[in-house]
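As structure tokens, the structure follows; a few thoughts come after it.
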Amino acid sequence: MSENLKIALVQTELAWEDPVANRALFEDKLKALEDHVDVVIFPEMFTTGFTMTPNHIQIEEGEKTVDWMVDLAKERGIAIVGSIVFTEQENHFNRLVFALPDGEVRTYDKKHTFTLAGEDKVYKAGDERIIVDYKGFKICPLICYDLRFPIWARNTVNYDVLLYVANWPKPRIDAWDALLKARAIENMAYCIGVNRVGKDASGHEYSGHSAVYDVLGNRLAYSEQEEILGMDLHKEHIRTFRNKLKFLDDRDEFSLK
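The opening residue of the sequence shown carries number 984 in my numbering; numbering runs sequentially from there.
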């Protein structure tokens, strides 16, 4: 149980459809961390890039990456988060993995598959949100295109942190900036977005804009280059403004089907 949560956002280029190379890349990134952190966050599909050909990835690579994340989490005493291509029988998933240092693994399958790229035809959509309780912070992890759908992110359970991992392309990056800020304000929670940089094999360019917003929508961290962003989140900040500005008390009641 803690009043503060130290996070690290890893914004980087990715090797196309090469889990082995990307695991080595991110392992080196973790070694370069100078200070201890509580949570390290990788982008969406961090072992492959945003591929629409998951059949190019060996089926066992999903399990290998989960095991690798668990081993690193245990070894370093941190939580590690990111989404990967994961295959079960004949179904492919864009699966977020939240590996905890005690060996527990929580997973979330992307609800809103990106129809513009045909993701809905390749990957099976999830239908259940998760909340991860870690060091006293309730964290709601979502994936990329989910950001455009505020009802799915609505803070009905008093979570503290809303987290998006993404491969969000440069031509629509203004929407990314605006929606991350909006999600923070409307849910009175920290909102974190972790994007990638560089170009992928499909020719899409990514400009980063990984960022952290506080419960009032103030931007606390931001980058457009390859780097690791560090930031401390504070429970007192959340308590202070939720007690002062009781907007969540007036939220609409609804259920998702």
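Think of the CB as a built atom: it goes at the ideal place given N, C-alpha and C, for glycine as much as any other residue. It should be emphasised that the depicted structure is a prediction, and the values quoted were computed from it without experimental measurement.
Just curious, the alpha helix (DSSP H) that ILE990 is in, first and last residue? Position 7 of the sequence shown, counting from 1, holds the residue named residue 990. Looking at the DSSP string, ILE990 is not in any alpha helix (DSSP H); the run it does join, the beta strand (DSSP E), is 987-994.
To test your reading of the DSSP string, which unbroken alpha helix (DSSP H) runs of 4 or more residues are found completely within the region 1115-1172? List check, alpha helix (DSSP H) in window: 1133-1136, 1156-1170.
So, using beta-carbon positions, are ILE1221 and VAL1198 closer together than 7 Å? As a working note, residue 1221 is residue 238 in the sequence shown. As a working note, residue 1198 is residue 215 in the sequence shown. A contact, by the Cβ cut-off of 7 Å.
Once you ignore the five residues that flank PHE1076 on each side, which residues in its own chain have a CB closer than 8 Å to its CB? Against the sequence shown, residue 1076 aligns to sequence position 93. VAL1068, PHE1069, THR1070, ASP1092, LYS1093, TYR1106, LYS1107, GLY1109, listed in sequence order.
Residues that GLU1188 bridges to, as DSSP identifies them: Your numbering for residue 1188 matches position 205 in the sequence shown. BP columns for GLU1188 point to LYS1182.
Select from LYS1218, HIS1217, LEU1145, VAL1177 the residue whose C-alpha is nearest the C-alpha of SER1206. In the sequence shown, the residue the question calls residue 1206 occupies position 223. When only C-alpha atoms are compared, the closest one is VAL1177.
On the criterion of 16 or more Cβ atoms from any shown chain inside 10 Å, does HIS1192 qualify as buried, or is it exposed? As a first step, residue 1192 is located in the sequence shown; it is residue number 209 there, counting from the start. Buried, since its Cβ has 16 or more Cβ neighbours within 10 Å.
Would the region 1165-1175 and the region 1028-1047 be scored as touching if the rule is three or more Cβ pairs under 8 Å? no
Please classify ILE1024 as buried or exposed, where buried requires at least 16 other C-beta atoms within 10 Å of its C-beta. Counted from its first residue, the sequence shown places residue 1024 at position 41. Looking at its Cβ environment, which holds 16 or more other Cβ atoms inside 10 Å, ILE1024 is buried.
ASN1226 to ILE1122, Cα distance in whole Å? What you label residue 1226 is simply residue 243 of the sequence shown in a count that begins at 1. What you label residue 1122 is simply residue 139 of the sequence shown in a count that begins at 1. Whole-angstrom Cα-Cα distance: 20 Å.
Kindly list the residues whose CB is nearer than 6 Å to the CB of LYS1012, restricted to its own chain and excluding five residues on each side of it in sequence; keep chain order. Working through the sequence shown from its first residue, we reach residue 1012 at position 29. VAL993.
Starting from ASN1074, trace the beta strand (DSSP E) in both directions and tell me its first and last residue. Locating residue 1074 in the sequence shown gives position 91, counting from the first residue. It spans 1074-1082 - the beta strand (DSSP E) in which ASN1074 sits, taken as one unbroken run.
For GLN1208, collect the residues of the same chain with a Cβ closer than 7 Å to its Cβ; drop the 5 residues on either side in sequence, then sort them by chain order. As a first step, residue 1208 is located in the sequence shown; it is residue number 225 there, counting from the start. Answer for GLN1208: VAL1180, GLY1191, listed in chain order.
Span of the beta strand (DSSP E) around VAL1088: Working through the sequence shown from its first residue, we reach residue 1088 at position 105. Residues 1088-1092.
Measuring only the C-alpha atoms, how far is GLU1027 from ASP1215? For the purposes of this step, residue 1027 is taken as the residue at position 44 of the sequence shown. For the purposes of this step, residue 1215 is taken as the residue at position 232 of the sequence shown. In this structure, the alpha-carbon of GLU1027 lies about 22 Å from that of ASP1215.
Going by beta carbon distance, what residues of the same chain come within less than 6 Å of ASN1141, once the five residues before and after it are set aside? Translated into the one-based positions of the sequence shown, residue 1141 becomes position 158. Counting only Cβ-Cβ distances below 6 Å, and skipping sequence neighbours, we find nothing.
Using the rule of at least 16 other Cβ atoms within 10 Å of the residue's Cβ for burial, across every protein chain shown, is THR1036 buried or exposed? Counting from one through the sequence shown, the residue named residue 1036 turns up at place 53. Exposed: under 16 other Cβ atoms inside 10 Å.
When we look at the beta-carbon of VAL1115 and count the other beta-carbons within 10 Å, is it buried (16 or more) or exposed? Locating residue 1115 in the sequence shown gives position 132, counting from the first residue. So VAL1115 counts as buried.
Scan the region 1187-1234 and note each continuous alpha helix (DSSP H) run of 4 residues or more that stays entirely inside, going in chain order. Listed in chain order, they are 1218-1227.
7 Å Cβ shell around PHE1224 - same chain, five flanking residues per side excluded: As a first step, residue 1224 is located in the sequence shown; it is residue number 241 there, counting from the start. Excluding sequence neighbours, PHE1224 sits near MET1171, VAL1198, LEU1199.
Which first and last residues belong to the alpha helix (DSSP H) in which THR1048 is found? As a working mapping, residue 1048 is identified with position 65 in the sequence shown. Unbroken alpha helix (DSSP H) run through THR1048: 1043-1059.
Quick one: what does DSSP say PHE1069 is sitting in, helix, strand or coil? For this step, residue 1069 is matched to residue 86 along the sequence shown. If DSSP states are grouped into helix, strand and coil, PHE1069 belongs with the strands.
Per DSSP, GLY1176 is paired with what? To locate residue 1176, count along the sequence shown from 1; it is residue 193. Bridge partners of GLY1176: TYR1147, ALA1194.
Range of the contiguous alpha helix (DSSP H) that encloses VAL1003: Residue 1003 sits at position 20 when you count from the first residue of the sequence shown. Unbroken alpha helix (DSSP H) run through VAL1003: 1002-1014.
So LEU1145 packs on ALA1194, CB below 8 Å; how close in whole Å? On the sequence shown, residue 1145 is found 162 positions in, with the first residue counted as 1. On the sequence shown, residue 1194 is found 211 positions in, with the first residue counted as 1. Actually they do not touch by this definition, with Cβ atoms about 12 Å apart.
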